[in-house]
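Each remark here refers to the structure printed beneath this line.
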Amino acid sequence: MALPMPAFKGLVFLLALIPLLWLVVRIVTGSLGPDPGQEVTEALGLAAFQLLIVTLGMTPLSRLFKWQGWIRVRRMLGLFAFFYACLHLMAFLQFILGWTDLWATFTRRPYIILGSLAFLLLLPMAITSTRGMMQRLGKRWKPLHRLVYPAVLLAWLHFLWQSRSDITEMLVYGLVIAFLLALRVRWFGWRSLIPLRKPGA
Ligand code: HEM
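For the sequence shown, the positions run 3 to 203 when the numbering used here is used.
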């Protein structure tokens with residue numbers, strides 16, 4: 003791979019910003035359709051979900067191309083996924099259900115519970131994604147960051163559950179996730195999917 007690392011990182015950063023920039027363009031040009039709040043919430047949720055899947059794809063790509071650059075952008079991509087999930091959550095509260103009676107808001111519908119659980123799993127990973135936290139957690143860092151596997155599955159179920167008619171899109175995402183997890187099992191064993199497992203256990 004000929005691209006120098008800083009240029010590759012800059013490119014990935016810009017690519018990860020595209021969903022947000024595209025949303026801003028659609029807001030500014032007033033092309034969000036009859037329910038802009040719903041549209042903004044959905045676009046941000048989709049960006050979070052897609053970036054989470056892209057993050058999972060970095061290890062297979064690094065093995066395939068035998069290039070560590072993919073691993074070096076993995077953390078940035080994961081943080082972008084979390085960033086979009088935060089915006090998605092804020093848009094949901096702002097445009098759909100409001101900021102009052104939060105407990106009822108988050109426990110009312112199964113798909114909201116699933117989304118909230120996915121978000122809660124992303125939270126500790128985002129908090130511990132700094133170099134300092136990596137050093138402090140040492141060998142416990144990796145098992146903690148395996149929370150990404152249940153998180154992506156919960157996000158997928160959240161997506162599937164709220165779909166109204168055509169589920170083809172969700173099935174395609176489901177197949178991509180299954181493929182990425184299967185690759186992991188093949189290379190590192192099924193235990194590599196279990197989060198919070200003690201190192202060496
Ligand atoms: C507290 C957490 C969350 C809440 C309250 C929430 C809420 C919502 C709502 C209200 C919708 C729109 C449903 C509709 O169309 O009526 C939605 C869609 C969606 N959410 Fe979430 N969500 C949460 C977390 C997440 C997370 C963590 C992800 C991914 C990492 C995610 C991904 C998605 C996706 C992919 C959609 C479908 C977008 C589309 O239809 O194109 N959500 N969510």
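All C-beta atoms, glycine included, are put in the ideal place defined by N, C-alpha and C.
Values in this document were obtained by computation on a predicted structure and should not be read as measured data.
Any heavy atom of ligand 1 inside 7 Å of the beta-carbon of residue i?
| i | result |
| --- | --- |
| I98 | yes |
| F181 | no |
| S118 | yes |
| I114 | yes |
| T43 | yes |
| H147 | no |
| A50 | yes |
| A83 | yes |
| G47 | yes |
| A87 | yes |
| L66 | no |
| L58 | no |
| A184 | no |
| L177 | no |
| A157 | yes |
| L91 | yes |
| F94 | yes |
| L25 | no |
| F121 | yes |
| L54 | yes |
| L34 | no |
| L162 | no |
| R124 | One detail in the question is off: residue 124 reads as Leu in this sequence, not Arg. Yes, the beta carbon of L124 sits closer than 7 Å to at least one heavy atom of ligand 1. |
| Q40 | yes |
Which whole-angstrom value describes the C-beta separation of residue i and residue j, a residue pair presumed to lie in contact below a C-beta threshold of 8 Å?
| i | j | result |
| --- | --- | --- |
| L25 | V56 | In fact, because the Cβ distance is near 18 Å, the residues do not count as touching under 8 Å. |
| R199 | P126 | In fact, because the Cβ distance is near 15 Å, the residues do not count as touching under 8 Å. |
| L156 | A180 | With 8 Å as the limit, L156 and A180 do not qualify as a contact, their Cβ atoms being about 15 Å apart. |
| L195 | Y151 | 5 Å |
| G47 | I98 | The pair is not a contact, with the Cβ atoms about 11 Å apart (cut-off 8 Å). |
Quick one: any contact between the stretch 86 to 93 and the stretch 38 to 53, if contact means 3 or more CB pairs under 8 Å?
-> The stretch 86 to 93, when compared against the stretch 38 to 53, does touch it at the 8 Å Cβ threshold.
Residue ranges of each beta strand (DSSP E) run of no fewer than 3 residues wholly in the stretch 58 to 117, ordered along the chain?
-> For the stretch 58 to 117, not a single whole beta strand (DSSP E) run of length 3 or above is found.
Could you tell me whether the stretch 154 to 171 touches the stretch 97 to 113, where touching means 3 or more Cβ pairs closer than 8 Å?
-> Contact holds: three or more Cβ-Cβ distances are below 8 Å.
For the stretch 60 to 76 and the stretch 6 to 16, state whether three or more C-beta atom pairs, one from each stretch, are separated by less than 8 Å.
-> Judged by Cβ distances under 8 Å, the stretch 60 to 76 makes contact with the stretch 6 to 16, as three or more pairs qualify.
Segments assigned alpha helix (DSSP H), at least 4 residues, entirely inside the stretch 124 to 182 = Those alpha helix (DSSP H) runs which fall completely within the stretch 124 to 182 and span 4+ residues are 133 to 139, 143 to 147 and 150 to 163.
Examine the Cβ distances between the stretch 133 to 148 and the stretch 181 to 193 and report whether three or more of them are shorter than 8 Å.
-> No: fewer than three Cβ pairs fall under 8 Å.
Count the CB pairs spanning the stretch 171 to 179 and the stretch 55 to 70 that are closer than 8 Å, and state whether there are at least three.
-> Yes, the stretch 171 to 179 is in contact with the stretch 55 to 70.
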